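Have a look at the structure below before the remarks.
Residue numbers (my numbering), protein chains in the order written: chain A, 182 to 257; chain B, 5 to 534; chain C, 653 to 1008.
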C-alpha cells in the first residue's frame, strides 16, 4: 500500500491519495499516468497488471489499486 | 437510408408503433428484423458482410467460452477427486488461455481483414502505383464498402476481446448477437457500443413510458435541428470554400475552418443524438459519444469528450494492451536503466500513443491526409504533455488558471487548434492543406468580413441569421449543461406545458428552417464513410 | 397526469394548425407574373357545363380564345392546359375532369408527344399541385416524379416549399386563403404584340420515333374517350416553333387513322386561319396573342360546330348568364392590358414584368 502511494505521489505530488476515491472518474490521472503506474508496479513489486484489469474501478483509488495488486499476487 | 430522408422517418415511426404493440418478447427480434431490413434496403449484398461477421464472432465466442468451461470443469473435477494442486490449476488456465488466444486471433484477424480489404485495397494500390510512378500499374478494384463497416467491425472485435478476457460471457444465441452487431441506429455512424453495456438493455422487455419515449423523441428532434438547420445549411459554404482553393485563401481559410468546425460538430453530434434518441424511444441505453467537446480546455480533454466510444475503444483495446505487453514492459525497464529518467518514463508511452494515433488516422479514412491528421493529434498531445510542468509553473506565478476568462481562452485555443488540425480532413490533400493554412497567416484579406464577400458562398443574409440564431440556441443549451452538469430535459419534463411546448417549437423550427427536401442536396453524413 | 395529457393534446393541435397555416402561406400562389401554376386549380371553380375540353400545353391555353368560341358559336369549353403539360399529365387531367362531367369532344394538342420522360420538377409542381386529391392525381404524380422527388412532398406541400420563408411576397399573404382567376376558362389572355422572328434551323432528329411511354398514354387517352363515347380530336396548333417534324406528323397521322381519330395539323392552315404573324403573336411567334387566339378560335370553332352536335349555349339562359360574366372578365383584362400598352408601351401587371 505504501509503495503504491509512493508511486502515485511521484506522478501527482499534491493529490491526497488517502481520501480521493475517484482518480480516474475525476480525470486526476489519465491514460498516460495509468501506463506509468503499471510500469512502476511491474518494476518495483513485480506484479504484472494485464490490460483487462485496466478499468476505472481498479484505478480510482490507492486502495482499489492495492487490492488489485494483492489479488493478482494471490492468483500467482 | 439517410437519417434525413422521409423513408428513414417513416421506417422509424412504423418500428416504434410495432415495437410497443407487439408482445414484449417480440421486441428484440423485431429490432433484429428491422436492422436487417434497414441494411437490405441500403444494399442486399451488405447482408453477406454483416452476416459473415456475426457468424464468425458467434462461433469464436462460443468456442472461447467452451475452452474456458473445460478448464474450469477439469479444475473442479480435480478438486473433487483430490488431485488438485495449484500447478494443475495454473496449467489448466494457461491451456485455456492459449486456446482462446488462438481463436481470438483468427476471428479478429479475419474480421479486421474484411475491413482492411474493403476499405484499404485501393489506397494500397494507389500508393504502389505512385511509388512505381505509373498510373495504372495496378488497376483499382471495385469493392463494395458496406455501410458502417468500421463501426460494426470494431464493435464485434470489442466483443471478441471482452469474451477472451472473460469480462463478458459469450452470447449463446446467434440472433441476439446478430442484433448487437447490426442494431440499425448505430450502423450509420456509431457510437461503437460495448457488448457488456448495450446488452443490459438491448434484449429486455420495454414498456412504453411517457418519460422515456418523449425524452428520446425530443433528443431526436434536437439531433435533426442541429443536422438540418445548421450542418446541412452551412455545408454549402464549406463546399464552396474548399472547392476553390485558388480564390478562397487567407481569411477565407479561417472561415472555412470555423464553418467546418460547426458543420462537423452539428452533423456528427446531431446524428448521434438521433441514434441515441431512437434507442431511448425503444427503451435502450446507448453509450454517449460526446460530452461538450468544444468546452475542452486542452486536446487530451477534447479527446475524452469527442467521439468518446472510439477513443475509449482505441485506449482499451490498443493503447493499454500495447503498453502493458510483456515486451513493452521489458522495453520500459531497459529504457529506464539505459536512457535515463527522462526517456525511461516516456519511450513506451510515446510508442504506444504513436501507434494508437496512427491507427486512429487510418481508421478515419484510407488516405494520407487522415494519417497526417492522426499524427498531428499525436504531436500536439505530446507537446502539451511535455509543456505541462511549464504551464503549472506559469499558473503558480500568475494564478490565472482559476479565472473565468482564462478558461474561455483555453477553450477557444483548443477549438482553434483542433479545427486547424482538422483542415487535413477538409482539403483531403496534405501539401494543399499546408499551403492553404499558410495563406491564413500570410494573406490579410480581412475585408471579406465587411464587403459582403461571405454572401457569395451560397448562403444568403437570412441563412446567416438562421445559422447564428441556431448556434446561439445550441450554445445556450450547452452552457446550461456545462454549468449545471444536468440534462436540460430532466428539468423540463416536470413542467408538461414547457416540455411539450419545447418539443413542438423544436419540431416546427426544424421543419421551417431546415435545409432539406427538394432544392437541397441530401448530404451524406460525414461519418457514414468511416 | 391529466395536466400532461391536456398539454400534449393542446400542443399537438396547435402544431397541426400552425403547420396548416404555414402551408397556406408558403405554397406559391402564382397570382402575378408566372400565373401558369394557378391554371389547374381554376377548373374546379367553373360552374358552366363544358361540351368541349382541351387538354395540352401552352399551344392550347395561349392560342384558343374560349370566349371567342362562345361568342361566335355558343360553344361552352374549358382548356385544362399547363406549361409543358406532358402526355401522362394530360391523360390524368382528363381522367380527373371526367369525374365531374362528360364532354362531347376532347381536343388534345400533340406537341407534348416529343417528351417521353418527366422533364422538370417545377413544371410538375405547377401542373399537379392544383389538382384535387383523387386516384388520378396520385397516378399523375407517380407518372411525373423525377428521381429526386418524393410523394410525401406532394401530400404535404409544406415539405417542398418550407424554405420559401426567405422569399415571401405581399401576394403570399394576400392570397393565403383565396385566389383570383388568372384565365378565362383556361385561356391565358395576352394583348401585347411582338412580331415573329426567324427561328434557328431545326436540329436533325436523332430518334424520329415518339417514345413508347408517351404513345402509351396517347393510346390510353384514346381508349378512355372511346369508352365514354367522347370524340377525341388531335390537333397541332398553328405555331411553327418549336419545330414540328414531318416524321412526327406522319406518326400522329398514322396513329389517328389506326384509331379512327381526327388529326388536324393547323400549321398547314395558318393562311386559311388568317394568322398574320407580324401582329398575332406576343412573343415573337412562339405563342399567339389575343388577336391570333380569336382568329384560331373562329376557325376551329366553325369546324367544331359543323362536325359535332354541340349545344348553342347562348340560347340556354343559365349558362349564358355564367358566360356573360366571363365575357365581362375577358373584356376587363383586355382593356387593362390595352391601357397599360398605351401608357407604358408594354404590359406591367402581366407576364415577366409582373414577376415578383
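All C-beta atoms, glycine included, are put in the ideal place defined by N, C-alpha and C. A quick note: this is a predicted structure, and the numbers were derived from the prediction, not measured.
Does residue 831 of chain C come within less than 9 Å of chain B when only Cβ atoms are used? no
Are residue 437 of chain B and residue 445 of chain B closer than 9 Å when you measure CB to CB? no
Please list, in chain order, the chain A residues whose beta carbon lies closer than 9 Å to that of residue 193 of chain B. Under the 9 Å cutoff, chain A gives no residues; its nearest Cβ is about 25 Å from residue 193 of chain B.
Whose Cβ in chain C lies nearer than 9 Å to the Cβ of residue 508 of chain B? 663, 664, 666, 667 and 670
Reducing DSSP to helix, strand and coil, say where residue 851 of chain C ends up. coil
Pick from C:765, C:709, C:720 and C:675 that is closest to residue 904 of chain C, judged by C-alpha positions: C:765
Going by DSSP, name the residue or residues bridged to residue 706 of chain C. C:731 and C:759
Any C-beta of chain B under 9 Å from that of residue 659 of chain C: yes
For residue 772 of chain C and residue 426 of chain B, I'd like the C-alpha separation in whole angstroms. 39 Å
Is it the case that the Cβ atoms of residue 286 of chain B and residue 40 of chain B are separated by a distance below 9 Å? no
Buried or exposed: where does residue 315 of chain B fall if 16 or more other Cβ atoms within 10 Å of its Cβ makes it buried? buried
Buried or exposed by the 16-neighbour rule on C-beta atoms within 10 Å, applied to residue 416 of chain B: exposed
Whole-Å CB distance - residue 293 of chain B paired with residue 312 of chain B, under 8 Å assumed: 5 Å
Could you have a look at residue 529 of chain B and say whether DSSP puts it in helix, strand or coil? Bear in mind that a pLDDT of 36 at residue 529 of chain B, under 50, signals an unreliable position, so the number given afterwards is only what the model happens to contain. It is coil, neither helix nor strand.
Could you list which residues in chain B have their beta carbon closer than 8 Å to that of residue 800 of chain C, in chain order? 522
At least one CB of chain A closer than 9 Å to the CB of residue 162 of chain B: is that the case? no
For residue 883 of chain C, which three-state DSSP category applies? strand
How should residue 254 of chain A be labelled, buried or exposed, when 16 other C-beta atoms within 10 angstroms of its C-beta is the threshold for buried? exposed
Tell me, please, which residues DSSP counts as bridged to residue 917 of chain C. C:888
Could one say the Cβ of residue 528 of chain B lies closer than 9 Å to chain A's Cβ atoms, at least one of them? Because the pLDDT at residue 528 of chain B is just 38, under 50, the model does not fix this residue reliably, and the value given afterwards should be weighed accordingly. By this cut-off, residue 528 of chain B is not an interface position.
Whole-angstrom distance between residue 249 of chain A and residue 201 of chain A, CA atom to CA atom: 17 Å
Backbone secondary structure at residue 839 of chain C - three-state DSSP: strand
So which of A:219, A:241 and A:239 has the shortest CA-CA distance to residue 328 of chain B? A:219
Cβ pair count under 8 Å reaching 3, the region 726 to 737 of chain C against the region 789 to 796 of chain C: no
Anticipated Cβ contact below 8 Å, residue 192 of chain A with residue 243 of chain A, distance rounded: Rounded, the Cβ-Cβ distance is 12 Å, inconsistent with contact.
Do you know offhand how far residue 519 of chain B's Cα is from residue 289 of chain B's? 30 Å
Which one of C:924, C:801 and C:696 has the shortest CA to CA distance from residue 812 of chain C? C:801
Local conformation of residue 246 of chain A per DSSP, three classes: helix
Span of the alpha helix (DSSP H) holding residue 159 of chain B? 153 to 169
So, is residue 407 of chain B buried or exposed, given that buried needs 16 or more other C-beta atoms within 10 angstroms? exposed
On the three-state DSSP scale, how would you describe residue 142 of chain B? coil
By the three-class DSSP mapping on this structure, what secondary structure does residue 109 of chain B have? helix
Give a yes or no on whether the minimum CB-CB distance between residue 198 of chain B and chain A is below 9 Å. no
Against residue 220 of chain B, what residues of chain C qualify as contacts under a CB-to-CB distance less than 9 Å, listed in chain order? Here the premise fails: no neighbours, minimum Cβ distance about 15 Å.
Looking only at its chain, what residues have a beta carbon closer than 8 Å to the beta carbon of residue 151 of chain B, apart from the 5 residues adjacent to it on each side? 43, 46, 47, 50, 191, 192 and 532
To be precise: take each residue of the region 212 to 225 of chain A, compare its Cβ to all Cβ atoms of chain B, and keep it if any distance is under 9 Å. Which residues remain? 212, 213, 215, 216, 217, 219, 220, 223 and 224
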